[in-house]
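Residue numbers (this note's numbering): 1133 to 1376.
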């Protein structure tokens, strides 16, 4: 039987509670989408359906997909157009969607290059991919590590700053990306980059325990997104548009 920690290691933890961090990212998604929300939307790796449900309030046809059957079943409350499948082999025809959201999923797939090719394949020309994925520059590995054969859940400092071969021995269960890594993944695909940035978190858990300190930390770190120090942020946000 899978434990909380073993499932977190394999697939990550989806958003269970809607808070300021999720709302902030939703607003970024909606801004990137624009009029594409009036078309067909796919949440690729929808988890239990947090973003799926919010997008279904904005768009007429929102599809969801997750590799975990239990999560896909739960996500159907947000959209009945939700199925269980793998991102490396999306069960949709080419040119099917006007908007595709991949939120902190790419790092968990078995073959990220195949998953990216599939995202682009199912987008219509002019459709957009909104991609969030972990930044290697962030000074914590948020998915835990393996040490002496045992999984340790939590935020582990400095792991992502190690040489890649050492980092990958400690965190073989999850990928992490530089901007160069992402450029290589999309090289040769029919997309153009509309926006790229690096985001810090919302630190809602800290705010729940220490409101004043947490809000100060959030404000300080999110202000760094407007400076070169954003390279230390938590997540990449890339918006790409299919060209042909």
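Even for Gly, the Cβ is constructed at its ideal location relative to N, Cα and C.
> By DSSP, does residue 1150 sit in helix, in strand, or in coil?
Replying inline: coil
> Grouping DSSP H, G and I as helix and E and B as strand, with all else coil, what is residue 1145?
Replying inline: Correct three-state label for residue 1145: coil.
> What runs of the beta strand (DSSP E), each 3 residues or longer, lie entirely inside the segment 1236-1271?
Replying inline: 1255-1266
> Based on the DSSP output, what are the partners of residue 1373 in its beta bridges?
Replying inline: 1260, 1324
> When DSSP labels each residue in this structure, what does residue 1278 get in the three-state scheme?
Replying inline: strand
>> Buried or exposed for residue 1226, going by 16 or more other Cβ atoms inside 10 Å?
In response: exposed
> Looking at the unbroken alpha helix (DSSP H) that takes in residue 1359, where does it start and where does it end?
Replying inline: Here residue 1359 belongs to no alpha helix (DSSP H), and DSSP marks it neither H nor E.
> Where does residue 1200 land, buried or exposed, given buried means 16+ other C-beta within 10 angstroms?
Replying inline: So residue 1200 counts as buried.
> Under the DSSP definition of a beta bridge, which residues are partnered with residue 1273?
Replying inline: Residue pairing from DSSP places residue 1273 in a beta bridge opposite 1288.
>> Rounded to the nearest angstrom, what separates residue 1264 and residue 1330 at their Cα positions?
In response: 9 Å
> On the three-state DSSP scale, how would you describe residue 1213?
Replying inline: Residue state, collapsed to three classes: coil.
>> Considering just the uninterrupted stretch of the beta strand (DSSP E) at residue 1174, what are its terminal residues?
In response: Where residue 1174 is concerned, the enclosing beta strand (DSSP E) stretches over 1172-1176.
> Expressed to the nearest angstrom, what Euclidean distance is found between the alpha-carbon atoms of residue 1243 and residue 1313?
Replying inline: 14 Å
>> For the pair the segment 1175-1194 and the segment 1272-1291, tell me if three or more CB-CB distances fall below 8 Å.
In response: no
> Buried or exposed: which applies to residue 1371, given that a residue is buried once 16 or more other Cβ atoms fall within 10 Å of its Cβ?
Replying inline: buried
> If you run the structure through DSSP and keep just helix, strand and coil, what is residue 1345?
Replying inline: helix
> Can you tell which of 1212, 1328, 1347 has the C-alpha that lies nearest to the C-alpha of residue 1335?
Replying inline: When only C-alpha atoms are compared, the closest one is 1347.
>> Looking only at its chain, what residues have a beta carbon closer than 6 Å to the beta carbon of residue 1386, apart from the 5 residues adjacent to it on each side?
In response: Residue 1386 cannot be examined here, being either before or after the span of the chain that is shown, 1133 to 1376.
> Would you report the Cα separation of residue 1301 and residue 1240, rounded to the nearest angstrom?
Replying inline: 16 Å
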